[in-house]
Amino acid sequence: MELAFYASGLVAVLATLRVITSTNPIHALLYLIVSLLAVALVFFALGAPFAGALEVIVYAGAIMVLFVFVVMMLNLNAAVTARERAWLGPRTWVGPSVLAALLLVVLLATLQHGDIGRVIEGDTLTAKAVGMVLFGPWLVVVELVAMLLLAALVTASHVGRSVSREADSGRDGA
Amino acid sequence: MNGSTEMLVVVLAAMAQALAILAGALLLAAVMTVVERRLLGLWQDRHGPNRVGPWGSLQLVADMIKILFKEDWIPPFADRALFVLAPAIAMASLLLSFMIIPWTPTWGVADWHIGLLFFFAMAGINVYAVLLGGWSSGNKYALLGAMRATAQTLSYEVFMGLSLMGVVALAGSFNLRDIVAAQQGLWFIVPQFFGFCTFLVAGVAVTHRHPFDQPEAEQELADGYHIEYSGMKFGMFYVGEYLGMVLVSALIVTLFFGGWHGPWLPPFVWFALKTAALLVLFVLLRASLPRPRFDRMMSFGWRVCLPLTLINLLVTGAAILWLSPAAD
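Sequences listed follow chains A and B, in order.
Just so we're aligned, residue 18 is where the first sequence starts under this note's numbering, counting upward by one.
Just so we're aligned, residue 7 is where the second sequence starts under this note's numbering, counting upward by one.
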């Protein structure tokens with residue numbers, strides 16, 4: 018399992034690097050999907066298949082589909098790719114890279130202090146165990162998230178409503 | 007030494023079983039392409055393919071030879087890598103889903119406690135096949151087909167998950183073996199009738215089968231997302247559709263019709279008979295129903311099926327709490 022953990026972690030890091038460096042937006046998004054799938058496999062390797070499956074269903078299967086869907090309709094062409102390439106000049110990425118490298122050093126130092134060998138062990142978490150924790154100690158948070166989602170739902174239906182009604186009446190009138 | 011040899015035998019037997027299930031699913035999907043045409047012929051009062059071999063039984067071989075020897079053409083305006091990747095995703099994601107189906111008490115590949123979630127994950131990945139296939143073709147009909155397919159699949163996947171939660175709540179597990187075991191006395195189609203109806207609709211929609219085949223409507227879109235595909239790449243999309251059909255049928259049998267349970271006959275025969283009946287239902291739907299307008303179909307999903315699944319889940323939860331002995 019340790020090998021699976023490090024292999025999928027490596028894939029996640031490499032794929033995420035390619036997300037930043039790809040000049041074609043669709044290809045960049047595909048690398049992001051690969052990265053999310055790799056993170057899901059990290060969850061599997063850590064013994065949390067429930068979280069891994071949800072990662073694939075929610076992020077790779079639903080949210081990223083919408084991203085790809087929108088970008089697909091932007092009518093991308095060679096000019097866009099060329100502009101992306103121009104934006105990837107060294108002057109643009111040197112600053113963020115230095116800062117990110119500093120964060121990486123901090124992360125590595127933290128990992129150096131912790132006992133790495135012990136982290137990748139433990140029982141496999143079942144969906145039932147996750148549910149018991151969510152509806153036990155974390156019940157208040159779950160309820161708050163539910164309210165937040167309800168608010169988002171009401172907002173979305175309000176924003177979408179007038180547009181769809183106009184479209185509907187237009188179609189029926191025609 | 008002895009222990010390791012035994013271990014090796016167990017591993018090899020499991021691998022052989024997995025390969026047999028893979029080959030069986032693939033073969034069944036391929037055979038369905040011909041069976042569907044024969045059945046359509048029967049119901050539409052015409053002959054169907056009956057020339058190759060006795061009663062047209064070798065039609066599949068003829069089709070395979072034809073499709074393998076066709077020119078494998080990639081349009082110069084296509085995004086090559088994605089164009090090749092899309093049919094592979096279409097087949098692979100569906101074939102992987104067969105892993106979780108328990109065919110008989112002893113046959114099955116994975117016995118996971120997240121079983122059903124794995125199917126949802128693979129169904130989510132399967133969307134990319136159509137999306138990328140349509141976009142990378144560089145063809146406006148393909149793009150329009152891909153857009154329709156994506157909107158349709160996303161809408162119907164929302165309540166596909168919800169429609170099965172009643173079953174999961176009754177069985178108390180995502181594991182398909184536990185779900186089959188929980189149907190020993192009563193098939194879940196009785197307490198979960200609305201769940202069955204909505205899952206059937208969602209299953210047909212997610213596999214882009216008629217009457218939910220707007221993504222490939224030939225009158226408007228000239229075959230939609232796979233218009234630029236030829237040869238075996240088209241064949242993979244085509245067989246992928248039938249694989250989806252077999253997968254959804256097998257899942258419905260497992261979730262609502264008691265899996266391998268049944269009197270007198272051996273378990274596998276029961277499973278095969280139930281699956282075959284559902285496959286015929288899929289073909290009959292295609293033979294009998296007209297194709298609805300795309301916006302009507304979308305609003306049917308969101309305004310009828312989604313509320314229905316939510317109410318079904320609420321009532322199921324309430325009934326379980328009502329009937330169960332006080333837990334504490």
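For glycine and all other residues, C-beta sits at the position ideal for the given N, C-alpha and C.
Can you tell me whether residue i is buried or exposed, with buried defined as 16 or more other CB within 10 angstroms of its CB?
i, result
"residue 12(B)", "exposed"
"residue 14(B)", "exposed"
"residue 26(B)", "exposed"
"residue 132(B)", "buried"
"residue 100(B)", "buried"
"residue 50(B)", "exposed"
"residue 79(B)", "exposed"
"residue 183(B)", "buried"
"residue 149(A)", "exposed"
"residue 83(B)", "exposed"
"residue 106(A)", "exposed"
"residue 234(B)", "buried"
"residue 327(B)", "exposed"
"residue 70(A)", "buried"
"residue 334(B)", "Note that residue 334(B) scores a pLDDT of 48, beneath 50, so its modelled location is shaky; the value from the coordinates is reported in the next line. Flag for residue 334(B) reads exposed."
"residue 189(A)", "Unreliable placement is indicated for residue 189(A), whose pLDDT of 46 sits below 50; the coordinate value is still reported in the next sentence. Exposed, since its Cβ has fewer than 16 Cβ neighbours within 10 Å."
"residue 23(A)", "exposed"
"residue 108(B)", "buried"
"residue 71(B)", "exposed"
"residue 93(B)", "buried"
"residue 303(B)", "buried"
"residue 168(B)", "buried"
Would the beta-carbon of residue i fall within 8 Å of that of residue j?
i, j, result
"residue 98(B)", "residue 105(B)", "no"
"residue 119(B)", "residue 194(B)", "no"
"residue 54(A)", "residue 82(A)", "no"
"residue 319(B)", "residue 171(B)", "yes"
"residue 73(B)", "residue 241(B)", "yes"
"residue 96(B)", "residue 127(B)", "no"
"residue 55(B)", "residue 43(B)", "yes"
"residue 271(B)", "residue 35(B)", "no"
"residue 231(B)", "residue 157(B)", "no"
"residue 40(A)", "residue 102(A)", "yes"
"residue 311(B)", "residue 165(B)", "yes"
Residue range of the alpha helix (DSSP H) that residue i falls in?
i, result
"residue 28(A)", "19-38"
"residue 132(B)", "121-142"
"residue 108(A)", "107-130"
"residue 244(B)", "237-262"
"residue 214(B)", "Note, residue 214(B): premise wrong, no alpha helix (DSSP H); not H, not E."
"residue 56(B)", "Unbroken run through residue 56(B): none, as it is neither H nor E."
"residue 44(A)", "42-62"
"residue 289(B)", "273-294"
"residue 63(B)", "Neither: residue 63(B) is in no alpha helix (DSSP H) and is coded neither H nor E."
"residue 146(B)", "146-177"
"residue 185(B)", "182-187"
"residue 116(B)", "Here residue 116(B) belongs to no alpha helix (DSSP H), and DSSP marks it neither H nor E."
"residue 82(A)", "81-89"
"residue 102(B)", "86-103"
"residue 313(B)", "312-329"
"residue 67(A)", "66-71"
"residue 101(A)", "95-104"
Members of the stretch 78-112 of chain A that neighbour chain B once the beta carbon cut-off is set at 8 Å:
Residues 78, 79, 82, 83, 85, 86, 89 and 90.
Mind checking the stretch 138-150 of chain B against chain A and listing, in chain order, the residues whose C-beta falls within less than 9 Å of any C-beta there?
Within the stretch 138-150 of chain B, contact with chain A at the beta-carbon level (separation under 9 Å) is assigned to 138, 140, 141, 142 and 149.
Could you list the residues in the stretch 58-74 of chain A with a C-beta less than 9 Å from some C-beta on chain B, going in chain order?
Result list: 66, 67, 69, 70, 71, 72, 73 and 74.
Cβ contact check for the stretch 63-74 of chain B and the stretch 35-46 of chain B: 3 or more pairs under 8 Å:
The way I'd put it, the stretch 63-74 of chain B does touch the stretch 35-46 of chain B; three or more beta-carbon pairs between them come closer than 8 Å.
Examine the Cβ distances between the stretch 254-261 of chain B and the stretch 272-289 of chain B and report whether three or more of them are shorter than 8 Å.
As far as the Cβ criterion goes, the stretch 254-261 of chain B touches the stretch 272-289 of chain B, which means the pair count is three or higher.
Check whether the stretch 291-299 of chain B touches the stretch 142-156 of chain B, counting contact only when three or more Cβ pairs, one atom from each stretch, lie closer than 8 Å.
Three or more Cβ pairs closer than 8 Å define a contact, and the stretch 291-299 of chain B falls short of that threshold against the stretch 142-156 of chain B.
Check whether the stretch 61-79 of chain A touches the stretch 140-147 of chain A, counting contact only when three or more Cβ pairs, one atom from each stretch, lie closer than 8 Å.
Taking 8 Å as the limit for Cβ pairs, the verdict is that the stretch 140-147 of chain A does touch the stretch 61-79 of chain A.
By the 9 Å beta-carbon criterion, what residues does the stretch 34-50 of chain A contribute toward chain B?
Residues of the stretch 34-50 of chain A with a C-beta atom less than 9 Å from some C-beta of chain B are 41, 43, 44, 47 and 50, listed in chain order.
Under 8 Å (Cβ pairs) to chain A, residues found in the stretch 111-124 of chain B
Using a CB distance below 8 Å, the part of the stretch 111-124 of chain B facing chain A consists of 118, 119, 120, 123 and 124, ordered along the chain.
Pairing CB atoms from the stretch 298-310 of chain B with CB atoms from the stretch 207-222 of chain B, are three or more of them under 8 Å?
At 8 Å Cβ cutoff, the stretches touch.
What are the residues in the stretch 166-184 of chain B lying within 7 Å of chain A by C-beta distance?
Within the stretch 166-184 of chain B, the residues whose Cβ lies closer than 7 Å to some Cβ of chain A are 180, listed in chain order.
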